[in-house]
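J.:
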Amino acid sequence: MAAYTGRRLLQAIPLLVLISLLVFVLLHLIPGGPMAAYGNNPNMTAADFARLEHDLGLDAPVHVQYLRWLGALLRGDWGYSLASKRPVLVEIGDRLPNTIYLLSISLAVTLGIAIPIGILSAVRQYSVLDHAVTTVAFAGQSVPIFWFGLMLIIVFHVVLRNPISGAPLAPGGGMYTLGEPFSLLDRLHHLILPVSMLAVVGTATYTRYMRASMLEVIGQDYIRTAHAKGMPARRVLWHHAFRNAAIPVVTILALEVPVLFNGAVFTETIFSWPGMGRLFIESAFRYDYALLMAIILIGATLTIVSNLLADIAYAYLDPRIHYG
Amino acid sequence: MVGVTWRRFSRHRMAVISLGLVTLLALLSALAPWLSRYDPDKPQLSTQLQPPSGKHLLGTDDLGRDLLTRILFGGRISMSIGVLAMLLAVVIGTTVGAVAGYYGGWADNLLMRLTDLMLSIPSLFLLILMTLLLRTFPVPVLRGGVLAIVLAIAFLSWMTVARLVRAAFLSLKEGVFVEAARALGAGNARIIVRHVLPGAASPIIVAATLRVASSIITESGLSYLGFGVQLPTPTWGNMLRNAQDQMIVAPWTAIFPGVFIFFAVIAINYVGDGLRDALDPRHVR
Amino acid sequence: MRSRRRFCCSVLAAVAALLVGFPPGLAFPQGTRGGTITFALYQEPELLNRYIGTQTALSEVTTFIVEGLVDYNEKGEFFPRLATEIPTRQNGGVSADGKSITYHLREGLKWSDGESVSCEDVKFTWQAVSHPKSGAAYTSGFRDIERVECPSPTTVVVVYKTFYAPYLDQFTRGILPKHATGDPAEMTRWAYNRKPVGTGPFALLEWVSGDHITLIRNRFYRDSPKPFLNAVIIRVTPSREVGTQLIKTGEVDIVWDLIEANVPELRPVPGVKIGAAPGPNAERLLLNLADPALDGPPAAEVAKRPHPILGDVRVREAIELGINKQEINEKLLFGLATPGTNELHIGWAKCVTRVTEYSPDRARQLLDQAGWKNGPDGIRVAQGAKFAKDGMRLRLKLQTTTGNKLREQVEQLLIDYMKQIGLEFYIENVPSPVLFGSWSSGAFRKHGQFDVVMYTTNPDADPHSQIEGYFASWKMPTAANGGDGFNYARWSNQVADDNIKLAGSSADLSVRKKAYCAAMDEVVKDRPHIYLYGRSQIHGYRERLQGWVLNVWTNVGWNAQDWSLK
Chain A
1 MAAYTGRRLL QAIPLLVLIS LLVFVLLHLI PGGPMAAYGN NPNMTAADFA RLEHDLGLDA
61 PVHVQYLRWL GALLRGDWGY SLASKRPVLV EIGDRLPNTI YLLSISLAVT LGIAIPIGIL
121 SAVRQYSVLD HAVTTVAFAG QSVPIFWFGL MLIIVFHVVL RNPISGAPLA PGGGMYTLGE
181 PFSLLDRLHH LILPVSMLAV VGTATYTRYM RASMLEVIGQ DYIRTAHAKG MPARRVLWHH
241 AFRNAAIPVV TILALEVPVL FNGAVFTETI FSWPGMGRLF IESAFRYDYA LLMAIILIGA
301 TLTIVSNLLA DIAYAYLDPR IHYG
Chain B
1001 MVGVTWRRFS RHRMAVISLG LVTLLALLSA LAPWLSRYDP DKPQLSTQLQ PPSGKHLLGT
1061 DDLGRDLLTR ILFGGRISMS IGVLAMLLAV VIGTTVGAVA GYYGGWADNL LMRLTDLMLS
1121 IPSLFLLILM TLLLRTFPVP VLRGGVLAIV LAIAFLSWMT VARLVRAAFL SLKEGVFVEA
1181 ARALGAGNAR IIVRHVLPGA ASPIIVAATL RVASSIITES GLSYLGFGVQ LPTPTWGNML
1241 RNAQDQMIVA PWTAIFPGVF IFFAVIAINY VGDGLRDALD PRHVR
Chain C
2001 MRSRRRFCCS VLAAVAALLV GFPPGLAFPQ GTRGGTITFA LYQEPELLNR YIGTQTALSE
2061 VTTFIVEGLV DYNEKGEFFP RLATEIPTRQ NGGVSADGKS ITYHLREGLK WSDGESVSCE
2121 DVKFTWQAVS HPKSGAAYTS GFRDIERVEC PSPTTVVVVY KTFYAPYLDQ FTRGILPKHA
2181 TGDPAEMTRW AYNRKPVGTG PFALLEWVSG DHITLIRNRF YRDSPKPFLN AVIIRVTPSR
2241 EVGTQLIKTG EVDIVWDLIE ANVPELRPVP GVKIGAAPGP NAERLLLNLA DPALDGPPAA
2301 EVAKRPHPIL GDVRVREAIE LGINKQEINE KLLFGLATPG TNELHIGWAK CVTRVTEYSP
2361 DRARQLLDQA GWKNGPDGIR VAQGAKFAKD GMRLRLKLQT TTGNKLREQV EQLLIDYMKQ
2421 IGLEFYIENV PSPVLFGSWS SGAFRKHGQF DVVMYTTNPD ADPHSQIEGY FASWKMPTAA
2481 NGGDGFNYAR WSNQVADDNI KLAGSSADLS VRKKAYCAAM DEVVKDRPHI YLYGRSQIHG
2541 YRERLQGWVL NVWTNVGWNA QDWSLK
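Protein chains in written order, with my numbering: chain A, 1 to 324; chain B, 1001 to 1285; chain C, 2001 to 2566.
1. Given a threshold of 16 other Cβ atoms within 10 Å of its Cβ, counted over all protein chains shown, does S1010/B qualify as buried or as exposed?
2. Is the beta carbon of A2282/C closer than 8 Å to that of E2327/C?
3. How about L2435/C and V2452/C: do their beta carbons lie closer than 8 Å?
4. Quick check on M2001/C: does DSSP put it in helix, strand or coil?
5. Shorter than 8 Å from the beta carbon of Y38/A to some beta carbon of chain C?
6. For the stretch 297-311 of chain A against the stretch 8-20 of chain A, do three or more pairs of beta-carbon atoms, one drawn from each stretch, fall closer than 8 Å, so that the two count as touching?
7. Report, in whole angstroms, the separation of the C-beta atoms of T2478/C and G2296/C, which I expect to be a contact under 8 Å.
8. DSSP three-state label for I2379/C, please.
9. When burial is assigned at 16 or more other CB atoms within 10 Å of the CB, is S161/A buried or exposed?
10. Could you tell me the alpha carbon to alpha carbon distance between V1004/B and T269/A, rounded to whole angstroms?
11. For E2301/C, would you say it is in contact with chain A, using Cβ-to-Cβ distances shorter than 8 Å as the test?
12. Quick one: which chain B residues come within Cβ less than 7 Å of T2402/C?
13. Which residues in the same chain as V1271/B place their Cβ atom closer than 8 Å to its Cβ, once the five residues preceding and following it in sequence are excluded?
14. For S306/A, name the three-state secondary structure that DSSP assigns.
15. Can you pull the DSSP bridge partners for I2415/C?
16. Which two residues bound the contiguous alpha helix (DSSP H) that contains K2577/C?
17. According to DSSP, is H1012/B helix, strand or coil?
18. Contact criterion: CB-CB distance below 8 Å. Does N2429/C meet it with respect to chain A?
19. Starting from C2119/C and walking both ways along the beta strand (DSSP E), at which residues does that stretch end?
20. Quick test of the definition: if touching needs 3 or more C-beta pairs under 8 Å, does the stretch 1261-1279 of chain B touch the stretch 1102-1116 of chain B?
21. Check whether the Cβ atoms of E2120/C and K2178/C lie closer than 8 Å to each other.
22. Going along the stretch 2268-2282 of chain C in order, which residues come within less than 8 Å of chain B, judged by CB to CB distance?
23. Kindly indicate if chain B contains any beta-carbon less than 8 Å away from that of G299/A.
24. Apart from the five residues just before and just after R1013/B, which ones in its own chain have a Cβ nearer than 8 Å to its Cβ?
25. Nearest-angstrom Cα distance between G166/A and T2249/C?
26. What does I2415/C touch in chain F if you count any residue whose Cβ is under 8 Å from its own?
27. Would you call the stretch 110-123 of chain A in contact with the stretch 192-207 of chain A, where contact means no fewer than 3 C-beta pairs closer than 8 Å?
28. Rank F1073/B, R1241/B, S1214/B, G1093/B by C-alpha distance to the C-alpha of L1197/B and give the top, closest one.
29. Could you tell me the alpha carbon to alpha carbon distance between D2497/C and G2442/C, rounded to whole angstroms?
30. Could you have a look at G2021/C and say whether DSSP puts it in helix, strand or coil?
31. At the 8 Å Cβ level, is S2465/C part of the contact set with chain A, yes or no?
32. Can you list, in chain order, the residues of the stretch 1120-1132 of chain B whose Cβ is nearer than 8 Å to any Cβ on chain A?
33. Please check if any C-beta of chain A sits within less than 8 Å of the C-beta of Q2245/C.
34. Relative to the C-alpha of W1034/B, which residue among L1058/B, W1006/B, L1049/B, L1072/B is closest?
35. Which term fits T225/A, buried or exposed, when burial requires 16 or more other beta carbons within 10 angstroms of its beta carbon?
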């Protein structure tokens, strides 16, 4: 197992280098560039431009710039944001925890709803409940997530009001009320809409996976045997069926990490959440090369690691699989 | 064969209803110029931001244009982007998957590593960069945005198809009929196209259908973030983007384009679901 | 004796400064002390050093913290901040040759960390900004300074190598504290950039990235009992719309930089007020007078190969006459903008020119005369045009930055207006870094490879660099000059050139104003730019905020020391 993990991790390195090269070249092919921020300032001369461009290393050929970047990275230096002049890691360190906070709570909510409902729906296949669940889940998967977010704001922040205080039912953005001391309730209040937005697509997806996976397992011989042996239905369900049905769901969970990040971009944009997704959009509009590279590489690393974790989890949960 | 498939498909009630809905949406969009008496692009400043009424069924937008008309015209672009991106993705994916699966060896290794690579980059990030790049290329046809978006989406969504096709090839290429064709002197290309591909058609068709739906969502998301098609051409996504800063005063401009996206996408997804049932009888629902 | 006289002078000057700074009608209210206000900014500052950063949001925040020697009041005139008076010839602050400028600092000034402010800090500011490795963006003028002398801790003598017309603008961006910054060569790495130390009414307490910046009252502020407020919280919102929602619910007290469309939404909200005044900016169409196939042609080349369509002044005039500026203002800008006239429509150098009348008939006539005849689909085709081959379609590419809704609306109206006179506009918008890119990045605006671009720019309170940059014939970006200058229209006009030169060499504001206006008359006649409208600066604020005065020449927080809560 350890050997397998080690080999997979080693394989990831050339992959990451390739990704970085691809993205770096792509970024530099796009016309314009970070110097445009100074483009409309009548007080800057061409000499000022040239001096700044040189200071930032932007006047070198792309391959030189890439090698410089890669060399620095190997020494542990991720570079500086062109806009804020701060080290890229500091910039990301400010934002990443907020994204993880939002995503992990959304994921917990998603799974907390999706797993029981998926199982219930499978156990009572073709019941009214099952039909309702499949239909709603289908709808949930088809809704454009950002539109759903806008609708949440219209309904819960603009239209519906607290009947007593007249305040909006839920805050339309931010992580907490500014200027107030820390309050768990306030934090939760601010989570309602963004988590709902993120959870809708996820819940739909996982409910369907859980249901399908459960149906598959219930149909298997060993479950029937367990039932036939007179094992209590509840025990069969949880001990045998659930454990096996969970395997594909775990795999998918890991494979969906990039999807989670996409969701974060939209959610953070709509709900003014100070996370990585917004940082990416802001940096993309500013062509902040070092920062963009770091965000994409971190995203790619997480994807690769989660794929690996999926495989390991698979092996752990399913004793039939053995990696040499 | 078609008869059997249709019979199985028609057992899926939602899929049949959805097929009707998709056809209706496509027809309405295609016939938009004849159905609406309004110009989709021409500003009419005397009727800015009117709520839905008998005259304007879904209201008007910030430049006074009939929202329904723009939605129908927008549907042409949004659905075309969905279909074109799917076609291109299927072509790329099938080619990559077929070559990898049929030849195996280093070709397989190389192509599958490429597939892994593409799957490891957070797709939205790459999509935004690709669109930015393609739109600024000095090629006029890319500047309009539609083709740039189609290319970007296709470049980033062929991987699932490639994997499906490769898997199908791995199991099919050892089949008796391939041996037979080879014995009859057929070349590799001919064997791939005539003998193996048809056998892999079912999963491709299903994946392709679902791809249309997700491409429509992707286009709307890209447009929403500001990387969409050039104005004044409407698409569902850029209509939503346009609506977001007036959604408090004119919520209809934000609600309706989204409703159309939602119905188009859910209907296409149901059709895909129905196709899966019809083409793959082993699949349990 | 001497120092006593100086003391008297500075007291008098301080009184005068107070009068200039706070004109009678706007006397600051004696509000209660204490309280916190929240200010919504829809853009997060990149950092808080105005010499290396570029955004407006940055100066919005630093204005509360950092001060210059002099600054602009709400009329666009100078008033002293850290200086006791504005240096002039009369008070001996400006030498006879105009090259040596003397400022007197107020007595007893302290930085927000308690250290004393001295002439050395001003000298350091000059040294740091003009250091070749500083990474500073705004070095104009600083490089022209020969030396800064400090005859006493409160006397600053700035000596220029050559006469520099906008000398008063030099130290408006703020003085850097020598003790709380660092090595000039490392300016981009200074801790100061995230936690500036200044002399302003507020000091930075905390900056939570992507969320908010907290400013608290500066204990060492010179003018006790000011500032009245205890704190200002700057809340970073992802969009203007979020800000407008927050002010409605009372979660913020000021929302920065509204657009006209927000006004009807906010006006009826109880407790919310709108502050609006015309700003110096002008949204314009910038027309390329040179053949767009050329790469950055100099003036001589432009004369040989003009733009096939826009090279003819009659076509340019037809475009302007075909645009209904009044309608744009009324329908898209809620009547809150000013229809465009010329570059200097506001400020001390204001030039009064008439708004062109909307006249599609006259536009059509002009196009007929210019040899553009009606084509089969309503779009004109060249038939005896001045520079175009017969059969060429009257079709132009219109470009602006993506993602700006108002511009996108205006573009769609322009398409419609032009269609009515038989001209076809088609849109190819690009992200702003592409439009505003540098010469070396190959940006099409710099290289002259466009037909019509649309954007906003504005002269500073001292308009010289803007006027020279955009309208002097020697300011066309070319390969030879490394892409210097902003004369993207590639317009050359002898009268304008002469007047710009004259204005740049005079210290007399009335002479300069006359010269600029003579140049503007040529611009209006010849139309290298077509001015569409000038936006108002609009901010929303809650009634409980007292003492704020809108100043379009600086930033919202320019008089934050006078703010209080009702």
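C-beta: ideal position from N, C-alpha, C; glycine also.
T.: Here's the rundown:
1. Counting from one through the second sequence, the residue named residue 1010/B turns up at place 10. Classified as exposed, S1010/B has fewer than 16 neighbouring CB atoms from the shown chains inside 10 Å of its CB.
2. Mapped onto the third sequence, residue 2327/C falls at position 327. Mapped onto the third sequence, residue 2282/C falls at position 282. Not in contact: E2327/C and A2282/C (Cβ atoms no closer than 8 Å).
3. Locating residue 2435/C in the third sequence gives position 435, where the first residue counts as 1. Locating residue 2452/C in the third sequence gives position 452, where the first residue counts as 1. No, the pair does not count as a contact, with Cβ atoms beyond the cut-off.
4. Taking the third sequence and counting its residues from 1, the one referred to as residue 2001/C is at position 1. Low local confidence applies: a pLDDT of 37 at M2001/C is under 50, so the model's placement there is unreliable, with the coordinate-based value given in what follows. Note: M2001/C maps to coil in three-state DSSP.
5. Position 38 of the first sequence, counting from 1, holds the residue named residue 38/A. With a threshold of 8 Å between beta carbons, Y38/A makes contact with chain C.
6. With the rule of 3 Cβ pairs closer than 8 Å, the stretch 297-311 of chain A counts as touching the stretch 8-20 of chain A.
7. Position 478 of the third sequence, counted from the first residue, corresponds to residue 2478/C. Position 296 of the third sequence, counted from the first residue, corresponds to residue 2296/C. Contact holds; Cβ gap of about 5 Å.
8. On the third sequence, position 379 is the one that residue 2379/C refers to. DSSP places I2379/C in the coil class of the three-state scheme, outside both helix and strand.
9. Mapped onto the first sequence, residue 161/A falls at position 161. The residue asked about is misnamed: residue 161/A is Arg in this sequence, not Ser. With fewer than 16 Cβ atoms within 10 Å of its Cβ, R161/A is classed as exposed.
10. Within the second sequence, the letter at position 4 stands for residue 1004/B. Within the first sequence, the letter at position 269 stands for residue 269/A. Rounded to whole angstroms, V1004/B to T269/A spans 48 Å at the Cα level.
11. As a working mapping, residue 2301/C is identified with position 301 in the third sequence. Answer no: the Cβ-Cβ gap between E2301/C and chain A never drops below 8 Å.
12. Residue mapping note: residue 2402/C aligns to position 402 of the third sequence, counting from 1. The answer, in chain order, is G1226.
13. Taking the first residue of the second sequence as position 1, residue 1271/B is located at position 271. Take V1271/B, set aside five residues on each side of it, and the residues of its chain with a beta-carbon closer than 8 Å to its own are A1015, S1018, L1019, V1022, T1209, in chain order.
14. For the purposes of this step, residue 306/A is taken as residue 306 along the first sequence, with counting starting at 1. Three-state DSSP puts S306/A in a helix.
15. Indexing the third sequence from 1 puts residue 2415/C at position 415. Per DSSP, none; premise fails for I2415/C.
16. Since the first residue of chain C shown is 2001 and the last is 2566, residue 2577/C is not available in this structure.
17. Within the second sequence, the letter at position 12 stands for residue 1012/B. If DSSP states are grouped into helix, strand and coil, H1012/B belongs with coil.
18. Within the third sequence, numbered from 1, the residue matching residue 2429/C stands at position 429. No, N2429/C lies away from the interface with chain A (no Cβ there is under 8 Å from its Cβ).
19. For the purposes of this step, residue 2119/C is taken as the residue at position 119 of the third sequence. C2119/C -> not in any beta strand (DSSP E); alpha helix (DSSP H) instead, spanning 2119-2130.
20. Contact between the stretch 1261-1279 of chain B and the stretch 1102-1116 of chain B is absent, because fewer than three Cβ pairs lie under 8 Å.
21. As a first step, residue 2120/C must be located in the third sequence, where it is residue number 120. As a first step, residue 2178/C must be located in the third sequence, where it is residue number 178. Closer than 8 Å, so yes.
22. The residues in question: there are none.
23. One-based indexing of the first sequence puts residue 299/A at position 299. Residue-level contact by beta carbon holds for G299/A and chain B, with a gap shorter than 8 Å.
24. As a working mapping, residue 1013/B is identified with position 13 in the second sequence. Hits under 8 Å: none found.
25. Here residue 166/A is taken as the residue at index 166 of the first sequence, counted from 1. Here residue 2249/C is taken as the residue at index 249 of the third sequence, counted from 1. G166/A and T2249/C have their alpha carbons spaced roughly 10 Å apart.
26. Judged by its chain identifiers, the structure shown contains no chain F, and its protein chains are A, B and C.
27. Contact holds: three or more Cβ-Cβ distances are below 8 Å.
28. Along the second sequence, one-based indexing puts residue 1197/B at 197. Restricting attention to F1073/B, R1241/B, S1214/B, G1093/B, the CA atom closest to the CA of L1197/B is found in G1093/B.
29. Residue numbering aside, residue 2497/C sits at position 497 when the third sequence is read from its first letter. Residue numbering aside, residue 2442/C sits at position 442 when the third sequence is read from its first letter. As the crow flies, the alpha-carbon of D2497/C is around 27 Å from that of G2442/C.
30. As a working mapping, residue 2021/C is identified with position 21 in the third sequence. In this prediction, G2021/C has a pLDDT of 38, which is less than 50 and means its spatial position is unreliable; what the coordinates show is noted afterwards. It is helical.
31. Taking the first residue of the third sequence as 1, we reach residue 2465/C at position 465. Taking 8 Å as the CB threshold, S2465/C lines the interface with chain A.
32. Within the stretch 1120-1132 of chain B, the residues whose Cβ lies closer than 8 Å to some Cβ of chain A are S1120, I1121, P1122, S1123, L1124, F1125, L1126, I1128, L1129, M1130, L1132, listed in chain order.
33. Numbered from its first residue, the third sequence carries residue 2245/C at position 245. For Q2245/C, the answer is yes, since a Cβ of chain A falls inside 8 Å of its Cβ.
34. As a position in the second sequence, residue 1034/B is number 34, starting the count at 1. Shortest Cα-Cα distance from W1034/B to any of L1058/B, W1006/B, L1049/B, L1072/B involves L1072/B.
35. Taking the first residue of the first sequence as 1, we reach residue 225/A at position 225. Classification of T225/A: exposed, given that the 10 Å Cβ count is below 16.
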